[in-house]
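Some notes on the structure that comes next.
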Amino acid sequence: MLPVKRQNLGELEMAVLEHLWTSASGDAKGVHKSIGTQRGISLNTIQSTLERLFRKQLLKREKISHSYVYSPSVQRGELMTQLIDDVVKTLSGGKTDYLLSAFIDYAAREDESSLDRLEQLIAQRRADEPSDKNE
């Protein structure tokens, strides 16, 4: 679980995270070259975004020479789990029926193979769980 609750992430923050999940690490100049220039935003904006993500504990950084090199401190799946958990707690009132129904509807809208994959994941999760949870 992430140490920081309620991760409100903007579009640029998500783009920076996507870049760093793909490249594993990068400094502000490298991130700017990859995503900042095509968006027409300044190096300072990228530096601010990296700093915000660091303060949110989604990035870690190491000082190398005169600049920080940033890398993700959370994997995509961990962040997705936290975001979904926050939404469920906020909207469901402690009941998961609406979430499960919405999730199945979403999977069905994507394509038939998404429902098949969901069934596989459920079966795999059940197989991985210990048979006696009371131990």
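Under the numbering used here, the first residue of the sequence shown is numbered -4, with each subsequent residue one higher.
We treat Cβ as the ideally placed atom computed from N, Cα and C, and that holds for glycine.
What number of angstroms, rounded off, separates the C-alpha of residue 23 from the C-alpha of residue 113? Rounded to whole angstroms, residue 23 to residue 113 spans 38 Å at the Cα level.
Check whether residue 67 and residue 54 have beta carbons under 8 Å apart: yes
Run the CB neighbour count on residue 21, radius 10 Å, all protein chains shown included, and call it buried at 16 or more, exposed below. buried
Using 8 Å as the cut-off, can you tell me whether the segment 78 to 91 makes contact with the segment 101 to 110, which would need three or more C-beta pairs spanning the two stretches below that distance? no
Name the residue from 51, 4, 9 and 83 whose alpha carbon lies nearest to the alpha carbon of residue 31. 9
Roughly how many angstroms lie between the CA atoms of residue 99 and residue 93, to the nearest whole one? One C-alpha to the other measures close to 10 Å.
Tell me whether the beta-carbon of residue 45 lies closer than 8 Å to the beta-carbon of residue 26. The Cβ-Cβ distance between residue 45 and residue 26 falls below 8 Å.
Cutoff 8 Å; reference residue 129; Cβ partners in own chain excluding five residues on either side: The predicted model places residue 129 with a pLDDT of 49, which falls under 50 and marks its position as unreliable, so this point remains unresolved.
Consult DSSP for residue 22 and reduce its assignment to one of helix, strand or coil. strand
By how many angstroms is the C-alpha of residue 41 removed from the C-alpha of residue 65? 12 Å
Can you say whether residue 110 is buried or exposed, counting buried as having 16 or more other CB atoms within 10 angstroms of its CB? Around the beta carbon of residue 110, fewer than 16 other beta carbons sit within 10 angstroms, so the residue counts as exposed.
So what does DSSP say about residue 36, is it helix, strand or coil? coil
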